[in-house]
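Those letters in the sequence shown? Residues 1 to 149, by full-length UniProt numbering. Please read the structure below before turning to the comments.
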Amino acid sequence: MLQQYQNILVPVDGSKVTEEVLKRGIEVAKRNQTHLDILNVLEVNQFSDTYGGAVSGDVIYKLSEDVQKRLEELKQEAIDAGVTDVEMHVRFGNPKTVIAREFPADHHNELIMIGSTGLSAVERLMVGSVTTYVSRNAVCDVLIVKPDK
Numbered sequence: 001m002l003q004q005y006q007n008i009l010v011p012v013d014g015s016k017v018t019e020e021v022l023k024r025g026i027e028v029a030k031r032n033q034t035h036l037d038i039l040n041v042l043e044v045n046q047f048s049d050t051y052g053g054a055v056s057g058d059v060i061y062k063l064s065e066d067v068q069k070r071l072e073e074l075k076q077e078a079i080d081a082g083v084t085d086v087e088m089h090v091r092f093g094n095p096k097t098v099i100a101r102e103f104p105a106d107h108h109n110e111l112i113m114i115g116s117t118g119l120s121a122v123e124r125l126m127v128g129s130v131t132t133y134v135s136r137n138a139v140c141d142v143l144i145v146k147p148d149k
């Protein structure tokens with residue numbers, strides 16, 4: 001029996017892989033005539049580390065404004081490609097748990113399409129792979145998108 005997904009989640013992080021993952025997510029959403037959620041998770045802790053513990057509300061606001069603007073562009077890309085039901089979301093928290101459990105539980109996603117990696121090898125060693133965590137702990141099916149070489 002062929003699985004028909006009605007609600008697809010594509011988490012994006014601004015990495016090079018994001019464009020390819022979204023492109024494939026758009027194709028699947030269009031082919032299945034289904035809802036597409038585009039999600040960016042902002043991890044506030046990473047900013048306090050980067051900026052020496054002093055992150056003002058203004059910095060976070062500006063960052064979320066920039067992310068919102070980028071998500072608007074990605075949403076328009078999906079609409080231009082023929083996806084009729086698409087929403088964008090910004091969440092704060094740990095990307096691993098937000099993507100694997102919290103967001104799909106709230107939005108009833110049946111499939112998460114995620115890039116094989118968005119981090120460098122060093123970053124993966126330090127923070128662990130979000131993709132690995134999501135593939136092991138997600139509350140729904142996960143499709144790992146490998147970028148074209």
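Backbone N, C-alpha and C fix where the C-beta goes; we use that ideal spot for every residue, glycine too.
Where do the N-terminal and C-terminal ends of the beta strand (DSSP E) with Arg24 fall, by residue? No beta strand (DSSP E) contains Arg24, which is instead part of the alpha helix (DSSP H) from 16-32.
Quick one: what does DSSP say Pro147 is sitting in, helix, strand or coil? coil
Any idea what DSSP makes of His89, helix, strand or coil? Correct three-state label for His89: strand.
In three-state DSSP terms, what is Asn7? Asn7 carries a strand assignment under DSSP once its states are collapsed to helix, strand and coil.
Judging by CA-CA distance, which residue of Phe103, Lys146, Asn137, Asp80 is the nearest neighbour of Ile8? Phe103
Three or more beta-carbon pairs under 8 Å between the segment 139-147 and the segment 74-83, yes or no? no
CA-CA distance, Arg91 and Val139? 18 Å
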